[in-house]
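The opening position of the sequence shown corresponds to residue 102 in the numbering used here, with each subsequent residue numbered one higher. No residue lacks a Cβ here, since even glycine has one placed at the ideal position from N, Cα and C. Step one of this worksheet: look at the structure below.
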Amino acid sequence: MNTATPPTKPATSLKAASHSAHEGKTAQSTEMKALFCPRYGSPDVLEVRHLPKQTPKAGQIQVRITASAVSQADTMMRAGTPFFARLMIGLTRPKHPVLGTGFAGVVEAIGEGCERFKVGDKIYGETALDFGANAEYLCLDESSLLSHQPEQLSDAQCAPLCDGALTAWNFLHRLGEIKAGDKVLINGASGSVGSAAVQIAKAAGAEVTALCSKPNHDWVAEIGADHLVDYRNSDITKSDQEYDIIFDCVGKLSFGRCKKILTPEGYYLSPVLTLQLLINMLATKCSKGKKALFSATGLLPVPQLQGYLEQLEILITNGQLTTAMDREFALEEGAEAHRYVESMRKKGSIVLRP
């Protein structure tokens, strides 16, 4: 994992250069642009607003965002679904109306007592339930889930890491206890979480079957899938093959449908929580057989997630993991980005550029 380098003489000039590159008027402004969600609804509710630019408090850093992720979870938050999620994100409207959790950027300023990062550091991270990443600037605690950007990836590739790859790692390694030789089925293998899951499963020595549309088969095979199934023309739940892990990245299958193609002690995993999945989890919790499991990855303790990031960065350094990218949108095109994610046609990750 990259570590912070000691402060050097050019630190001030780095800050000045970053300000210059971002336009002088923006650097001096007390405002910033942000993708704002005033109420739950379709992508049409989204708007770009000018909001006060926060100043870092003690223990905080200010980040100039260069890229931020738009994921399926972000579209669900905007829509306020599933309804019971509103207990955490706001009952009648979003508690934190500036969207986005995954981001990459440059440290612009630091508050008193910060030692982990310095001005000019290129970092990436996750804001979890505080959201706020789809903006020009962001202030957050230095103790948050943050890391230096790996040299092997661009800032756009780093922005979705904590939304896609980190989720895949948590589900496959912590919940699924993946091991060499496991037969793993990944549904939604061409998405942000799914494409990361294919690579992580292969790095663990598993045999990977990818379920996605036929136009995406070639590039999913390139990132490691052993077998490819077109979900439009095949019902995988009627297969004769059994799987140790079924990772339903998009929540389009179900434990009930997949139960017969799981091995006797197999796991059905999905990051898309529904009432039915919750019931299945409770019903299988104490059994010794097949289990349905969910985890809110972003709500796990930061030190635990930081350890997962270290493992991901080892894979990145070894060339076993990269971020598959689809499109970049301007911040003003946030509604269009949400519509594209909801179309289920994307290949890999989507980012916004402020």
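- Separation of K448 and S396 (C-alpha to C-alpha, rounded to the nearest whole angstrom) is 24 Å.
- Of the other Cβ atoms in all chains shown, 16 or more fall within 10 Å of the Cβ of F348; this residue is therefore buried.
- In this chain, F356 is not harboured by any beta strand (DSSP E); it is covered by the alpha helix (DSSP H) spanning 356–359.
- According to the DSSP secondary-structure assignment, P365 is paired through a beta bridge with no residue.
- Taking C-beta separations shorter than 6 Å and ignoring five residues to either side along the sequence, the partners of L370 in its chain run F272, L276, G277, F348, L394, following chain order.
- Within the DSSP secondary-structure output, F430 pairs in a beta bridge with L453.
- Using a 10 angstroms sphere on the CB of M189, the tally of other CB atoms stays under 16, which defines it as exposed.
- Closest in C-alpha terms to P195, from the list R428, V146, Y225, comes V146.
- The residue among L247, P198, L200, E237 with its C-alpha nearest the C-alpha of K219 is L247.
- Put simply, the backbone Cα of T385 is about 12 Å away from that of Q377.
- When secondary structure is reduced to three states using DSSP, E132 falls in the strand class.
- In this structure C240 is in contact with Q163, their Cβ atoms being roughly 5 Å apart against a cut-off of 8 Å.
- If you draw a 10 Å sphere on the C-beta of E209, you find 16 or more other C-beta atoms in it, and that means buried.
- Around Q253, the same chain offers I417, T418, G420, T423 as residues with beta carbons nearer than 8 Å, after the five sequence neighbours per side are excluded.
- Listed in chain order, the alpha helix (DSSP H) runs fully inside the region 290–375 are 293–304, 318–323, 356–359, counting runs of at least 4 residues.
- Here the region 174–192 makes no contact with the region 305–312; the two share fewer than three CB pairs at distances below 8 Å.
- Minimum Cα-Cα distance from Q173 among the listed residues G292, D331, K392 corresponds to G292.
- Three or more Cβ pairs closer than 8 Å define a contact, and the region 430–440 falls short of that threshold against the region 400–417.
- Spatial neighbours of A159 in its own chain (CB-CB distance under 6 Å, excluding positions within 5 residues in sequence) are listed in chain order as G212, E213, G214.
- Excluding sequence positions up to five before and after L286, its CB lies within less than 6 Å of the CB of T310, Y344, I347, all in the same chain and listed in chain order.
- Looking at the backbone, the Cα of E443 and that of P365 are separated by about 34 Å.
- E237 is positioned such that its CB atom lies closer than 8 Å to that of R165.
- If you draw a straight line from the Cα of Q161 to the Cα of V171, it is about 24 Å long.
- Here V330 has L312, I337 as same chain residues with Cβ atoms under 6 Å from its own Cβ, once five neighbours each way along the sequence are excluded.
- From the listed residues A438, Q412, H439, R440, the smallest Cα separation to P251 is found for Q412.
- The Cβ atoms of I324 and V299 sit closer than 8 Å to each other.
- Looking from the CA of H318, the closest CA among I301, G289, V294 belongs to G289.
- Under the three-state reduction of DSSP output, N288 falls in the strand class.
- Here T176 is not near L267, since their CB atoms are 8 Å or more apart.
- CA-CA distance, I380 to F356, rounds to 10 Å.
- Taken in chain order, the complete beta strand (DSSP E) segments of 3 or more residues contained in the region 225–295 are 238–242, 246–249, 284–288.
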